[in-house]
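Reading through the structure tokens given below for one structure.
Number of protein chains: 2
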Amino acid sequence: MIHHSVGRPPIRLRLENGVEVTAAGAVPVATIVVRDRRTLLSLILDPEVGFGEAYSDGRITVEGNLINTLEAVYQSMSGLEYMNWYARIISRFMGYVQRNSLRGARNNIHRHYDLNNDFFRLWLDPLLVYSCAYFPSAATSLDEAQVAKMDYVCRKLNLQPGERVVDIGSGWGALALHMAKHYGVTVRGFSVSHEQVRWARRRAKEMDLNGRVEFIEDDYRNISGKCDALVSVGMLEHVGPEHYVEMGRVIHRSLDHAGRGLLQSMGRNRPRPFSNWTRKRIFPGAYAPTLRQVMDIFEPWELCILDVENLRPHYAKTLEHWLERFEDSAGEVSTMFGPEFVRTWRLYLAGATAGFRVGTLQLFQIVFARTACQQIPPTRAHLFYVEERPEEWEGSKGDEAPLTHVGLAEG
Amino acid sequence: MIHHSVGRPPIRLRLENGVEVTAAGAVPVATIVVRDRRTLLSLILDPEVGFGEAYSDGRITVEGNLINTLEAVYQSMSGLEYMNWYARIISRFMGYVQRNSLRGARNNIHRHYDLNNDFFRLWLDPLLVYSCAYFPSAATSLDEAQVAKMDYVCRKLNLQPGERVVDIGSGWGALALHMAKHYGVTVRGFSVSHEQVRWARRRAKEMDLNGRVEFIEDDYRNISGKCDALVSVGMLEHVGPEHYVEMGRVIHRSLDHAGRGLLQSMGRNRPRPFSNWTRKRIFPGAYAPTLRQVMDIFEPWELCILDVENLRPHYAKTLEHWLERFEDSAGEVSTMFGPEFVRTWRLYLAGATAGFRVGTLQLFQIVFARTACQQIPPTRAHLFYVEERPEEWEGSKGDEAPLTHVGLAEG
Chain A
1 MIHHSVGRPP IRLRLENGVE VTAAGAVPVA TIVVRDRRTL LSLILDPEVG FGEAYSDGRI
61 TVEGNLINTL EAVYQSMSGL EYMNWYARII SRFMGYVQRN SLRGARNNIH RHYDLNNDFF
121 RLWLDPLLVY SCAYFPSAAT SLDEAQVAKM DYVCRKLNLQ PGERVVDIGS GWGALALHMA
181 KHYGVTVRGF SVSHEQVRWA RRRAKEMDLN GRVEFIEDDY RNISGKCDAL VSVGMLEHVG
241 PEHYVEMGRV IHRSLDHAGR GLLQSMGRNR PRPFSNWTRK RIFPGAYAPT LRQVMDIFEP
301 WELCILDVEN LRPHYAKTLE HWLERFEDSA GEVSTMFGPE FVRTWRLYLA GATAGFRVGT
361 LQLFQIVFAR TACQQIPPTR AHLFYVEERP EEWEGSKGDE APLTHVGLAE G
Chain B
1001 MIHHSVGRPP IRLRLENGVE VTAAGAVPVA TIVVRDRRTL LSLILDPEVG FGEAYSDGRI
1061 TVEGNLINTL EAVYQSMSGL EYMNWYARII SRFMGYVQRN SLRGARNNIH RHYDLNNDFF
1121 RLWLDPLLVY SCAYFPSAAT SLDEAQVAKM DYVCRKLNLQ PGERVVDIGS GWGALALHMA
1181 KHYGVTVRGF SVSHEQVRWA RRRAKEMDLN GRVEFIEDDY RNISGKCDAL VSVGMLEHVG
1241 PEHYVEMGRV IHRSLDHAGR GLLQSMGRNR PRPFSNWTRK RIFPGAYAPT LRQVMDIFEP
1301 WELCILDVEN LRPHYAKTLE HWLERFEDSA GEVSTMFGPE FVRTWRLYLA GATAGFRVGT
1361 LQLFQIVFAR TACQQIPPTR AHLFYVEERP EEWEGSKGDE APLTHVGLAE G
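Taken in sequence, the protein lines are chains A and B.
Quick note on numbering: our numbering labels position 212 of the first sequence as 212, and the sequence is numbered without any gaps.
Quick note on numbering: our numbering labels position 168 of the second sequence as 1168, and the sequence is numbered without any gaps.
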């Protein structure tokens, strides 16, 4: 029944009493071992929460590659209705409890991003860029790909020296600092994660950029003042679709009469919430929108969509790197937070990788602009032919990873 | 009152009795001369129809540059409600009369595209590509830019020899023939314009491509069979938003399990019909959608959006070329259809140019794919670094314009 409820994937299901279930004719990718009866019941009620909780507890183990296992399950589930009645009720309830009010959003962010900066340093790149990277070639390393992504964003926006940039969801500050250092702009970065802002401010000071980059611990809804360009990378996932109109109002209010911006976010091909498990254990209050839903931000203000790029394969690759590094540090993570936490985060990273591989998740990078904006060149050639770019601006001491010329194809 | 109703643009309005109106403080871009009282009334009821009809008749003349005049009016109207109650009623009524049923669509297309092939030859490029071109540099000619556009489309789709392509709205056949000739694919092109299909079939024969390119005089809703790639350039404008779900069904039905496609269409930043005049005199039944509306095509079938490019400045440039050529042939057009027709089409081409310049119109080129599609490279570098491409495939005698390497930046 459980096997059937997830669309009969090519996975062997082995129960505590030794009974095995496999889809007829399929060569199993892996074996999922279920160790007790309680777990069986929870798998029937809400397969994703049931599986997640039991995997974290050790009541379920996977013999075989975890990403491939989840890929096989997502594939086989793709034709099915996403949630049964029970999961839908829980989903609604969680949506309410985790709603992104000013207070709720701060709490939701706190639960993930304030875990511990040292923890994220174990498995992210050295600049702590916690969003989809950009791999110009298959051989690009994660560290290079994160710098490449930041530079790609700057070039898509065609940033000019002296311009004022707002970064909504500035994380540990890497993008804001990259912009100021290499493009000579001034940046105000907003985050509601106390730990992130603390870290980012220290980095700005170390890099002698604190005169041009300011990190502000506040909600995007409280942004005031104008900017020439607005950027938000990997933050829209925490806004919630019921706040997109509000977010659009903030963008409209902040963006100068000829401004432009870039929004990067996980997305979907059709509306679908994150699993109850993901929202319970990993990203409270999170949601990945379809392009149609994203238009709630732009349409009321007649903002032009200039460019949408789906970087889905790049996020699969980014996550593979993160998971590999995470596994290398599993011992240290376990010392920090215990073995259950290690399994929870392993499942999250593997599940996201599988989602981007299979295509239940997308990654949209969206360039938008006021109608009057003249800054974005009429072709994309400038993204790939880097003729001259200031490597460094006065007032910055560089200790970042070296710049690579991102767009230059090698394949 | 009339001047006020279009937002007080910097235009001088001169009436038959010599009275002049100008916005205070503004230097007028041009003078609009209104020659009788009837025209004044019609300008109040529905400014766009009133202006269009009177301009065609010669009851209104414009002293100054027509494009700049319309730009100024569109700019000044941008903050206003688009249509008054009278225009809205007419708009509804026209929407019904010109609805795109199988029969209605054929009639709507007939009224524009079946005018006379010789007429379109007077002012389009030699290959008769009647959609937005792609200008890799400011110096690119229209003829080059149309070839560049067709090649850009092929490269965005990453067409491979032997693949099956469906072209919805194949016009005079240039894109289908380009694909077959330079990318070795087989193409079925659909159009409901009898004149276009007749012309395209002759071209296929002349180019010895009739074994691999078939032009079918039929509605997109009657397409059967499978394809690896589906393309539709400048045809969605004639579908109507109430048929997008149906169009999506046709795409879903036609596209192979790992297929991909490209859709190019005029668009909007927010929903807004074409003016009553445009639908009455130029494009019956036409509509330019927002990106949100376009998603009606893709979302129900979980088609991934891989790439959206807004080519708005390219359409302004394309239209400038068309208008210039049109003016050069105005005498011949007048001999064909009379001086009123010349003024009607001059106003259409100038108005569209102004719309793309001002930003009331957008041009979206959208690449989409099945989730399982592996054909589209993970970066866009391949669009700009053309390493090797078969210039010609067996079974084709070339007499097209020479190929240019489109993406190679010159600016």
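Every residue, glycine too, gets a C-beta built ideally from N, C-alpha and C.
Shown here, Val-1333(B) sits in a helix according to DSSP, grouped into three states. With a cutoff of 7 Å on beta-carbon distance, Ile-1002(B) and Leu-1043(B) are scored as near each other. Residues of chain A whose Cβ lies closer than 7 Å to the Cβ of Gln-1362(B) are, in chain order, Cys-304. Counting along the chain, Asn-117(A) sits inside the alpha helix (DSSP H) bounded by residues 117-123. When secondary structure is reduced to three states using DSSP, Cys-1154(B) falls in the helix class. Here the alpha carbon of Val-1233(B) sits roughly 48 Å from the alpha carbon of Ala-204(A). Each residue's CA atom was taken as its position, placing Ser-1131(B) and Tyr-1315(B) some 8 Å apart. For Glu-53(A), the enclosing alpha helix (DSSP H) begins and ends at 47-57.
Beta-bridge analysis with DSSP links Ser-265(A) to Phe-364(A). For Arg-1188(B), the closest of Pro-1126(B), Gly-1240(B), Glu-1195(B), Asp-1219(B) by C-alpha to C-alpha distance is Asp-1219(B). Nearest to Val-62(A) by C-alpha distance, out of Asp-328(A), Ala-30(A), Thr-318(A), is Ala-30(A).
For Arg-1164(B), the closest Cβ of chain A is not nearer than 7 Å. Distances from the alpha-carbon of Gly-7(A) to those of Gln-75(A), Met-336(A), Met-207(A), Ile-32(A) put Gln-75(A) closest. Relative to the Cα of Gly-1018(B), the nearest Cα in the group Val-1027(B), Asp-1036(B), Arg-1164(B), Pro-1010(B) belongs to Asp-1036(B). In this structure, Pro-378(A) sits away from Pro-1377(B), with a CB-CB distance that is not shorter than 7 Å.
As the crow flies, the alpha-carbon of Gln-1374(B) is around 21 Å from that of Pro-1300(B). The DSSP-derived three-state label of Leu-1306(B) is strand. For Phe-1190(B), no alpha helix (DSSP H) segment is defined; the enclosing uninterrupted segment is the beta strand (DSSP E) at 1186-1191.
For Phe-283(A), no CB of chain B lies under 7 Å from its own CB, so it is not counted at the interface with that chain. Its chain contains Val-1239, Ile-1297 as the residues whose beta carbon lies nearer than 6 Å to that of Met-1247(B), once the 5 sequence neighbours on both sides are disregarded; these appear in chain order.
Burial check for Thr-1335(B): the Cβ neighbour count within 10 Å stays below 16, so the residue is exposed. One alpha carbon belongs to Arg-1281(B), the other to Gly-225(A), and they sit about 47 Å apart. Per DSSP, the unbroken beta strand (DSSP E) holding Thr-1061(B) starts and ends at 1060-1063. DSSP places Val-1245(B) in no beta strand (DSSP E) but in the uninterrupted alpha helix (DSSP H) bounded by 1244-1254. Approximately 5 Å separates the beta-carbon atoms of Val-166(A) and Leu-230(A); this is inside 8 Å, confirming the contact. Secondary-structure assignment with DSSP links Arg-164(A) through a beta bridge to Thr-186(A). Using a Cβ distance threshold of 7 Å, Gln-1196(B) and Gly-1171(B) count as a contacting pair. Rounded to the nearest whole angstrom, the C-alpha separation of Met-1266(B) and Phe-274(A) is 34 Å.
For a Cβ distance threshold of 7 Å, nothing in chain A lies close to Met-1235(B): the least Cβ distance comes to about 21 Å. Distance from the Cα of Phe-364(A) is smallest, within the candidate group Glu-324(A), Phe-51(A), Leu-303(A), Arg-292(A), for Arg-292(A). Look at Arg-270(A): its C-beta is under 7 Å from a C-beta on chain B. Around Leu-291(A), the beta-carbon contacts reaching into chain B at under 7 Å are Leu-1291, Met-1295, Ile-1305. Straight through space, the alpha carbons of Gly-52(A) and Arg-343(A) are spaced by roughly 9 Å.
Distance from the CA atom of Phe-368(A) to the CA atom of Ala-1354(B), rounded to whole angstroms, is 21 Å. By the rule that beta-carbons nearer than 7 Å mark a contact, Thr-1371(B) touches chain A. With a contact defined as Cβ atoms closer than 8 Å, Leu-1323(B) and Leu-1349(B) qualify at about 4 Å.
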